[in-house]
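Below is one structure, written out as structure tokens, with a few remarks after it.
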Amino acid sequence: MKRRTFLKGTAAASAAAALAPWARRASAAEEAELYAAAKGEGQVTWYTAHFDTQTAESIGNAFATRYPGIRANVVRTTAQVAFQRLSQDLKTGIAECDVFSSTDLGHYVRLKPMDVFLKYTAPNAAQLLPQFKDIDPDGGYFITSAGLICITYNKDKVKESEAPKNWPDLLDPKWKDQISVGHPGFSGYVGTWVVEMRNLYGWDYFEKLRANEPQVGRSINDTVTMLNSGERSVAAGPEATTLESAARGNPLGVIYPGDGALLMVSPSAVMKNSRRLNAARLFMNFLMSRDASEILVRNFSPAVVPGVGPAPGAKPLAEVKTIRPTAEEITEGIPEVIKRWRDTFGA
Amino acid sequence: MAKLQLSGLGKRFGEVAAVSGVDLSLAAGEFVSLLGPSGCGKTTTLRMIAGFILPSEGSIAMDGAALSTAAGAVPPEKRRMSMIFQSYAIWPNMTVAENVAFGLKLRKLSRGEIAAKVERILGIVQLDRLKDRYPAELSGGQQQRVALARAMVIEPEVLLLDEPLSNLDANLREEMRFEIRRLHDAFRITTVYVTHDQAEAMVTSDRIVVMNQGRIEQVADPFALYNRPRTRFVAGFIGRTNFLEGTLAGGEIGFAGFALRADRFPEFAKLGRRVLFSVRPQSIGLRRALGNGGGWWVEGRVVKRAYLGEYWDYLVAPGAGGPPLRVAAPPGDIFEIEDKVWLEIDPQRVAHINEAS
Amino acid sequence: MTDLLPLRAPARADAALLPLLRRFEPAMLLWLALIALLLFLVVTPLFILVRQSFEAPEGAGYTLANYVTAFADRLHLRALGNSLLLGAGVALLAAIFAVPMAWAVARTDMPGKNLTRLLVLGAFVTPPYLGAIGWILLAGPNAGWLNKLWMAVTGAKAGIVNIFTFPGLILAIAAYSYPYIFVFTSAALELVSSEMEDAAHILGAGGWRTTLKVTLPLVWPAILGGLIITFLEAIALFGTPAIIGLPAHINVVTTQLWQFFEFPVQAEVAAAYAMPLLAVTALLFWVQRKSLGRKGYVSLTGKGGERRLIQLGAWRWALLGYTLIVGGISVLLPFAVLLQAAFSRAWGRGMSLANLTLRNFEYVLFVHNTAGQSIVHSFVYAAATASLAILLALAIAYIVSRRLVPMARALAFLCVAPFVIPGIVLAIGFYSAYAAPPVALYGTAALIILAFTTRFLPIAYTSCEAAMRSLNPEMEDAARIVGGGRFIALSRIVMPLLRKSIIAAWILVFIPATRELSAAIFLTAPNTQVMSVVLFDLSSEGNFEYLAALGGVLLVATVILVAVSFRLVGRDFMLRRS
């Protein structure tokens with residue numbers, strides 16, 4: 000991560016800490032005001048790719064419980080579909096989406112110059128964890144959820160001591176025909192991971208990975224399926240879904256790579272053309288609340304605010320070494336790596 | 000040795016005997032018809048000859064070799080026979096030439112030979128100009144001829160025809176009857192022809208097998224069949240006739256309404272007490288006055304009449320009562336209704352039906 | 000109102016006008032309305048698609064650059080080639096599956112015909128992507144059940160089947176496409192009179208020869224129709240190529256199109272890339288007409304249409320065995336593994352008493368917000384789609400077969416063209432055209448139903464066209480000559496005669512509509528969610544236990560629905576002759 004952003008984060012964090020009590024009182028008042036106005040609007044529509052349907056629905060329900068009188072319409076799709084729908088909506092002048100939550104940072108970089116996001120800093124934004132703060136200096140979008148990409152493995156087939164401990168370990172020939180990954184062309188998570196691996200190790204990493212004949216799925220969650228079936232035994236997989244599957248009794252384990260687990264940050268934004276601006280702002284605020292983070296943690300994702308979590312079986316985020324490409328690297332890099340991936344892997 | 004021999008042939012479907020006790024011998028090159036009303040078992044018999052149906056009893060043999068018995072049968076494809084179906088069964092997705100060539104291709108002839116034979120047979124049935132047409136593009140009569148050509152080109156041992164003309168109109172039927180007979184004479188293939196139309200059978204056949212309810216009523220050439228019917232059914236089925244039922248007593252046969260002298264009848268020695276005569280309408284002469292010919296004379300009066308151009312159809316009631324008689328008279332003999340007439344019956348032309356046999 | 004039937008008008012009517020008015024029937028208005036509907040459904044999205052292929056991004060005018068981007072790339076071309084190869088392979092394998100089974104069922108004394116029909120129905124109602132997932136569990140190279148079994152039995156180190164190959168992909172698709180060929184072929188075979196075969200027998204052809212040289216060629220149009228539909232369906236499929244093709248490094252047109260819509264979106268390039276598929280449809284249409292040509296296929300006379308079953312002897316069991324193998328591949332084996340997952344707490348743990356649970360069903364039916372509702376939606380939308388599609392297709396087939404308007408054949412082409420527009424592209428076209436005002440169908444069920452109708456119009460049309468061809472125009476003429484107008488002739492004569500075919504066609508559209516994915520994924524809204532999308536989402540989430548449970552519910556519900564409609568209507572959609 001770049002020094003400038005880090006410093007800025009620290010400064011902001013300390014400022015927020017200093018002002019905390021006053022800030023809390025002010026935010027409560029603002030919240031009440033928003034609620035009163037939002038009740039008149041009655042509903043809020045949320046395009047989200049951040050979670051699975053179950054989690055998304057839980058958040059929607061929790062919002063409605065906390066703010067009676069406002070219904071949350073949860074439209075859960077993959078990031079690409081969400082983005083395509085939003086684009087179409089914008090093109091045809093439909094104002095259906097109130098809050099837009101995509102897992103692909105690049106979407107926001109592209110949409111922001113089109114001036115479609117409301118510049119709104121919700122009160123709860125102040126309490127975001129340091130690594131999630133200030134993704135957009137202009138306050139158009141904020142991180143409301145995160146995920147980690149780690150090395151995952153099937154416990155029945157691989158002992159923990161033998162499992163790969165960092166990313167280059169996956170290149171060891173002993174893992175030939177044993178690895179499962181997703182496809183950068185179909186998954187923002189995988190795309191981001193590929194960009195970061197290229198940053199750290201060059202494209203050579205993937206030439207060597209190819210030699211190990213990994214199973215290439217679509218979504219990063221396909222790794223869970225592959226490990227569960229025993230079809231493959233190690234993967235570059237999502238911490239959240241893997242832990243959830245393990246909690247159900249499946250023989251899955253997570254290794255936090257020594258050279259860094261990939262931190263995926265997923266932003267949300269309020270749409271400027273929303274017809275329900277108050278409800279939208281209220282919802283945006285809610286996404287960064289403790290209540291929301293508790294739901295995240297219950298569903299095995301990391302919390303975005305302090306004092307919540309970690310998820311069962313997960314390491315606390317503060318203890319994990321994380322790596323992450325910048326927004327520009329993601330935006331430029333993903334289309335590039337998709338192309339190179341297809342050249343290397345053939346599809 | 001008979002070309003085709005059916006011995007005691009029978010077929011039962013469940014409780015019903017569709018065919019029973021059929022004995023028939025066909026000589027090589029003979030044209031035989033199976034004639035009868037629907038349900039008489041003629042088609043079942045034909046299909047047993049073809050090998051599509053296994054007989055329940057009896058056997059079929061060709062040139063002395065057994066083809067079908069109740070135990071088993073040679074399959075149709077190995078019998079070296081040919082069949083023409085009521086629906087022609089020409090394959091609509093093949094041209095005329097391809098239809099006809101089918102059987103030849105199976106016999107592994109060379110392409111040149113096949114082409115030559117196809118050409119030849121199509122010329123004979125007068126379809127050579129149409130050889131590349133598809134059946135949907137042909138008329139009914141033309142399709143009929145394709146079926147004929149296809150059946151005959153492979154030079155079968157026996158040709159079987161299942162009511163092939165029933166789908167054609169009357170004129171075409173007449174034309175095709177002669178055509179079929181002509182082809183038969185040209186190639187001399189042993190032929191079995193199934194029909195319900197007696198005119199067809201009469202025109203085409205060397206012998207006719209009249210069937211009724213699964214049994215053979217009579218086997219004879221057309222002339223004998225017509226003039227000497229053995230059973231009431233045959234007499235009534237072939238052509239029109241008058242049935243005279245009477246009793247022989249004291250040298251006279253008494254009918255309802257008149258009596259005839261028994262000694263005038265050539266075979267009167269064979270007459271039993273009950274007598275059944277079959278008298279064809281054209282065997283009865285219609286006279287204005289009693290003549291002195293050696294035949295039988297019955298007095299009567301004209302009850303009904305119809306003019307058919309080629310002849311008059313009169314219904315004459317005997318003077319003393321009894322059922323009326325049908326009489327066919329030449330077009331010039333005009334009688335009015337209620338006219339008193341004399342019927343002159345030629346005993347030579349009366350058929351005696353011995354119902355006991 | 001002016002009298003529209005000038006035949007009753009006095010003889011002084013204008014001499015020039017009379018012939019023109021004579022030709023005008025009230026029915027014409029309906030024909031025009033239907034044609035307009037067809038234009039709305041098919042031409043507009045097509046037009047938008049074509050226009051989009053020439054548009055520069057961000058509305059900056061027109062350009063040919065999209066075509067260059069689409070086709071100057073080696074990988075894109077390879078995907079196109081893969082699609083065509085896939086289509087051909089699937090069509091061929093599906094025919095190999097279907098034709099012997101259809102022949103066995105329609106013309107022989109093979110036992111277990113009802114079982115066979117049930118297996119075909121099972122393959123038909125199964126969403127292909129569900130079957131594909133089942134097949135991954137069966138034939139994954141390392142952990143597939145079949146491979147594990149092989150390794151256990153023979154002690155080998157590696158398995159023998161790998162679903163992640165081109166042949167594996169073909170198998171996974173053909174196993175669920177073959178029912179089309181089966182239904183068309185068996186229906187046609189039932190119309191072939193046994194005398195056609197008798198004629199061949201008596202000329203010297205044995206049983207097998209007759210079947211190959213006479214019986215099957217007679218039903219070639221049906222087989223060809225089935226092959227074409229299977230080919231087109233295979234190249235427009237998204238789910239299975241995504242699940243099985245990608246890991247096998249096989250990219251096809253649909254997965255490539257999906258990537259064009261990945262960020263950054265290149266919708267215009269996608270439109271250009273979809274163009275060859277339209278050309279393929281036109282080509283296949285032309286090929287079909289050419290190959291059928293002047294030949295007739297229906298039997299010529301009405302008589303002698305009896306159909307006798309061929310006695311097969313010991314071969315009956317061989318055929319039954321073949322049927323069971325095909326049924327096993329498409330239905331029995333994948334269902335078994337899916338069943339195991341549906342009842343498992345954690346399907347990776349394998350089969351054990353401790354692992355059994357009903358929780359998955361409880362979740363998908365009651366807890367999950369949209370799953371339960373989506374089941375109802377799927378069936379309602381599918382029913383509406385089928386009804387609308389059949390109505391339209393029947394009307395158009397009638398117009399075309401009776402040549403009521405000029406350029407009738409162009410109408411037929413329009414009816415068939417949508418089949419090869421990949422679902423997602425069609426959906427986007429529809430969305431662009433109709434979601435916004437003035438039509439404003441966004442978020443409505445109507446948008447989905449209209450898109451689905453367009454998508455399935457080709458199947459509806461092919462079935463209705465076949466039905467029309469078997470109908471003798473004289474039947475209507477008989478009604479019209481005694482004074483009924485065309486409407487009366489249609490409603491009282493044509494429809495009742497075609498009732499069986501219409502119902503069969505309806506079901507043939509209804510079932511795929513319940514499991515349609517690629518078009519739905521883009522058009523559904525929170526209150527109009529359908530089951531296929533929910534299933535797909537669950538698969539993207541790796542939530543396999545729930546997926547299997549929901550898939551199971553879908554299958555059971557479909558089968559029940561179909562069985563009920565059989566009872567109600569008293570007909571068999573497989574067109575068995577009573």
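Residue numbers (numbering that gives the first Met the number 0), protein chains in the order written: chain A, 0 to 346; chain B, 0 to 356; chain C, 0 to 577.
Heads up, the beta-carbon is just placed ideally off N, CA and C, and yes, glycines get one too.
Neighbour flag for residue i against chain C, beta carbons, 7 Å
i: Glu345/A; result: Strictly speaking, residue 345/A in this sequence is Gly, with Glu absent from that position. Interface residue, yes.
i: Glu159/A; result: no
i: Gln214/A; result: yes
i: Ser86/B; result: yes
i: Gln87/A; result: yes
i: Met61/B; result: no
i: Glu156/B; result: no
i: Pro75/B; result: yes
i: Val336/A; result: no
i: Ala69/B; result: no
i: Gly39/A; result: no
i: Arg339/A; result: no
i: Asn249/A; result: yes
Distance CB(residue i)-CB(residue j) smaller than 7 Å
i: Val336/A; j: Val193/A; result: yes
i: Ala235/A; j: Leu226/A; result: no
i: Leu425/C; j: Ala518/C; result: yes
i: Ala94/C; j: Ile172/C; result: no
i: Lys116/B; j: Leu103/B; result: yes
i: Gly105/A; j: Thr330/A; result: yes
i: Asp161/B; j: Gln85/B; result: yes
i: Trp296/B; j: Glu343/B; result: yes
i: Val73/A; j: Ala55/A; result: yes
i: Ala17/B; j: Gly35/B; result: no
i: Ala388/C; j: Leu456/C; result: yes
i: Ala432/C; j: Pro44/C; result: yes
i: Val399/C; j: Ala407/C; result: yes
Chain A within 7 Å of residue i, Cβ atoms only
i: Arg468/C; result: no
i: Tyr128/C; result: no
i: Ile501/C; result: no
i: Gly301/C; result: Note that Gly301/C has pLDDT 38, beneath the 50 cutoff, so the model's placement of it is unreliable and no number is given.
i: Ile420/C; result: no
i: Gly139/C; result: yes
Minimum Cβ-Cβ distance from residue i to chain B less than 7 Å
i: Ala204/C; result: yes
i: Met274/C; result: no
i: His200/C; result: yes
i: Pro472/C; result: no
Exercise for review: Taking 8 Å as the threshold, find out whether the stretch 40-59 of chain B comes into contact with the stretch 240-258 of chain B through three or more Cβ pairs.
Suggested key: No: the two stretches stay apart, fewer than three of their Cβ pairs being nearer than 8 Å.
Check your understanding: Residues in the stretch 101-122 of chain B with C-beta within 7 Å of chain C's C-beta atoms, listed in sequence order?
Key -> Hits within the stretch, in order: Phe101, Gly102, Leu105, Arg106.
Review point. Taking Cβ-Cβ distances below 8 Å as the criterion, which residues of the stretch 47-63 of chain C are in contact with chain A?
Key: Only those residues of the stretch 47-63 of chain C whose C-beta falls short of 8 Å from the nearest C-beta of chain A would be listed, and there are none.
Exercise for review: Jot down the residue ranges of each uninterrupted alpha helix (DSSP H) in the stretch 262-323 of chain A, minimum 4 residues, whole runs only, in chain order.
Suggested key: Within the stretch 262-323 of chain A, the complete alpha helix (DSSP H) runs of at least 4 residues are 276-286, 289-297.
Check your understanding: Looking at C-beta atoms only, is the number of pairs between the stretch 52-71 of chain C and the stretch 433-449 of chain C that lie closer than 8 Å three or more?
Key -> Here the stretch 52-71 of chain C does not lie against the stretch 433-449 of chain C, with fewer than 3 beta-carbon pairs under 8 Å apart.
Practice item. Taking only runs that begin and end inside the stretch 109-193 of chain B, name each unbroken beta strand (DSSP E) of 3 or more residues, in chain order. Key: For the stretch 109-193 of chain B, the full-length beta strand (DSSP E) segments reaching 3 residues or more read 157-161 along the chain.
Point to revise | Given 8 Å, three or more beta-carbon pairs between the stretch 177-188 of chain B and the stretch 210-225 of chain B | key: The count of Cβ pairs closer than 8 Å, one atom from the stretch 177-188 of chain B and one from the stretch 210-225 of chain B, stays below three, leaving the stretches out of contact.
Practice item. Take every Cβ of the stretch 273-281 of chain B, pair it with every Cβ of the stretch 292-309 of chain B, and state whether three or more of those distances are shorter than 8 Å. Key: Here the stretch 273-281 of chain B does not lie against the stretch 292-309 of chain B, with fewer than 3 beta-carbon pairs under 8 Å apart.
Review point. Can you list the beta strand (DSSP E) stretches of 3 or more residues lying completely in the stretch 210-265 of chain A, in chain order?
Key: If we require 3 residues or more, the beta strand (DSSP E) runs fully inside the stretch 210-265 of chain A come out as 233-237, 251-254.
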